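Asks: In this text, residue positions in the sequence shown follow the working numbering: the first is 290, and each later residue adds one.
We put the CB at the ideal spot given by N, CA and C, even for glycine.
This structure is a prediction, so every number in the text was calculated from the model and none was measured.
Please find one structure pasted underneath; my questions will follow.
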Amino acid sequence: MTSRRDMLQQSALGFGSLALTSLLQAENPLAAKRPHFRPRAKRVIFLFMKGGPAHMDTFEYKPLLQRDHGKPLPFDKPKVTFAKTGNLLASPWQFKPYGQCGHMVSELFPHVARHVDDICFIHGAHGTNPAHGGA
């Protein structure tokens, strides 16, 4: 049976690491930060579509991708895969503006496009890992 003294000695490092974690959390540049404005959303629909349609085929119109369709990448690709890199590929779907905001929506979503003024789109998300799964 473990004595109280043994338990405290063995768990001291565990408690220390918990304290260190909370102390370092304040210095973490990736830690959650307070929002600029008080949140007002009452409901959120979060779509995690693993294997779903690509962003450039749905709600993120890429006019330069349309223009440069079939051309090679204009920069060196990071070495994250051994697969051969193909040329740029534009969306096969047509886009047009909808609603008062004029947001470009793919022809894949004609019914959703009618409600585009009531939808929040986040186009600024970015990751540091260029691998699809890791990003």
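1) Quick one: residues in its chain with C-beta nearer than 7 Å to the C-beta of I411, no 5 flanking neighbours on either side, listed in chain order?
2) Use the C-beta contact count for T417: other C-beta atoms within 10 angstroms, 16 or more gives buried, fewer gives exposed.
3) State yes or no: is the C-beta of N376 within less than 7 Å of the C-beta of K360?
4) State the beta-bridge partners of S395 as determined by DSSP.
5) Taking 7 Å as the cut-off, decide whether the C-beta atoms of F326 and V394 are in contact.
6) From R332 to L353, what distance separates their C-alpha atoms?
7) Who are the near neighbours of D357 in its chain, counting only those whose CB is closer than 6 Å to its CB and skipping five residues on each side?
8) Let me check understanding here. Comparing Cα to Cα, which of R329, F384, N317 and K322 lies closest to C409?
9) Tell me, to the nearest whole angstrom, how far the beta carbon of A379 is from that of Q355; I am working on the premise that it is less than 8 Å.
10) In chain order, what residues of the same chain lie with their CB nearer than 7 Å to the CB of F384, ignoring the 5 residues before and after it?
11) I'd like to know whether the C-beta atoms of Q389 and D406 end up nearer to each other than 7 Å.
12) Between the alpha carbons of G341 and F371, how many angstroms are there, rounded?
13) In the DSSP assignment, find the alpha helix (DSSP H) that holds R465 and state where it starts and stops.
14) Short check: CB of L362 to CB of W382, under 7 Å?
Replies: According to the structure data:
1) Taking the sequence shown and counting its residues from 1, one reaches residue 411 at position 122. Only residues of its own chain outside the window of five on either side were considered, and among them none has a CB closer than 7 Å to the CB of I411.
2) Taking the sequence shown and counting its residues from 1, one reaches residue 417 at position 128. It counts as exposed.
3) As a working note, residue 376 is residue 87 in the sequence shown. As a working note, residue 360 is residue 71 in the sequence shown. Their beta carbons are under 7 Å apart, which means N376 touches K360 by this criterion.
4) Residue mapping note: residue 395 aligns to position 106 of the sequence shown, counting from 1. Answer is F384, bridged to S395.
5) What you label residue 326 is simply residue 37 of the sequence shown in a count that begins at 1. What you label residue 394 is simply residue 105 of the sequence shown in a count that begins at 1. No, they are not a contact pair.
6) As a position in the sequence shown, residue 332 is number 43, starting the count at 1. As a position in the sequence shown, residue 353 is number 64, starting the count at 1. In this structure, the alpha-carbon of R332 lies about 34 Å from that of L353.
7) Along the sequence shown, one-based indexing puts residue 357 at 68. So the qualifying residues of the chain are L377.
8) Locating residue 409 in the sequence shown gives position 120, counting from the first residue. Considering only alpha carbons, the answer is R329.
9) By one-based count along the sequence shown, residue 379 stands at place 90. By one-based count along the sequence shown, residue 355 stands at place 66. That pair is a contact at about 5 Å.
10) To locate residue 384, count along the sequence shown from 1; it is residue 95. Closer than 7 Å at the Cβ level, and outside the excluded window around F384, lie Y350, M393, V394 and S395.
11) Position 100 of the sequence shown, counted from the first residue, corresponds to residue 389. Position 117 of the sequence shown, counted from the first residue, corresponds to residue 406. Yes, these two residues count as a Cβ contact at 7 Å.
12) Sequence index remark: in the sequence shown, residue 341 carries index 52 (1-based). Sequence index remark: in the sequence shown, residue 371 carries index 82 (1-based). If I take the Cα positions, the gap works out to 24 Å.
13) The structure shown has nothing for residue 465, since the chain only spans 290 to 424.
14) In the sequence shown, counting from the first residue as 1, residue 362 sits at position 73. In the sequence shown, counting from the first residue as 1, residue 382 sits at position 93. No, they are not a contact pair.
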